[in-house]
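Written below as structure tokens is the structure these notes are about.
Number of protein chains: 2
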Amino acid sequence: MTVDQWSTEPIYRQIAAILRAKIESGEYAPGDKLPSEPRLQQEHGFARDTIRHAIKLLREENLVVTLPGRGTFVRPRSQ
Amino acid sequence: MTVDQWSTEPIYRQIAAILRAKIESGEYAPGDKLPSEPRLQQEHGFARDTIRHAIKLLREENLVVTLPGRGTFVRPRSQ
DNA sequence: AAATATTTGTACGTATGTATG
DNA sequence: GCATACATACGTACAAATATT
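Protein sequence lines, in the order shown, are assigned to chains A and B.
Just so you know, we're using my numbering here: the first sequence kicks off at 5 and counts up by one.
Just so you know, we're using my numbering here: the second sequence kicks off at 5 and counts up by one.
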């Protein structure tokens, strides 16, 4: 699962989709810390701004919470 | 004082006028930091590009100076 | 306790693409 | 063609919170 640089789908949405899939598959389980922003930058090869945009989407979906200085963590499944 | 979306006056000029008025009234005093671009985005509800365009006008009028990574500041009154 | 490293937050600069009037 | 406006993406720098040594 990689980003298609030439897709009309914005990169940040593609990255969000990748992370979302990993959460839903359990690769990132509730309570797990996601890779840090610099780490995700390395993994996917895009700017921090783009990574942060992706994570912001996941926060808005209540899939993760971000704690300053700590990291971004997978939330417990609701319901 | 708000932006009229339907005015023939460009939005960026309207926003510039609002900020200019606040500077001239002393609400933003010399040395004060203006709200950041994202903050102004929230306040007025337009795109960053539009906010930046407004601030650019104030810079050209020497009303403010912008320091990268710091913010935009009201200049001391000249003469 | 103190210094350093890591991680997220904030802020501006720049460039490009799309759409509209 | 040009001006206006929004969206996306990358770059750079520094601050603040937290963790580590």
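Glycine residues also receive a C-beta, built at the ideal position from the N, C-alpha and C atoms.
Would DSSP call residue i helix, strand or coil?
| i | result |
| --- | --- |
| B/L62 | helix |
| B/L23 | helix |
| A/T6 | coil |
| B/T12 | coil |
| B/V44 | As written in the sequence, residue 44 of chain B is Leu, which differs from the Val given in the question. It is helical. |
Do you know whose CA, among the options, lies nearest residue i's CA?
| i | options | result |
| --- | --- | --- |
| A/H48 | A/T76, A/R81, A/S82 and A/A21 | A/A21 |
| A/S40 | A/E31, A/E28, A/P34 and A/I55 | A/I55 |
| B/K26 | B/I15, B/E13 and B/T6 | B/T6 |
| B/R81 | B/D53, B/R52, B/A51 and B/S29 | B/S29 |
| A/P14 | A/G73, A/H57, A/V69 and A/L71 | A/H57 |
| A/R63 | A/F50, A/F77 and A/G73 | A/F77 |
| A/P42 | A/L61, A/F50 and A/A33 | A/F50 |
| A/Q46 | A/W10, A/I19 and A/T12 | A/I19 |
Please confirm whether residue i and residue j have their CB atoms less than 8 angstroms apart.
| i | j | result |
| --- | --- | --- |
| A/L38 | A/G75 | yes |
| B/V68 | B/I59 | yes |
Measure how close the beta-carbons of residue i and residue j come, nearest whole angstrom, since I'm counting them as under 8 angstroms.
| i | j | result |
| --- | --- | --- |
| B/N66 | B/R79 | 6 angstroms |
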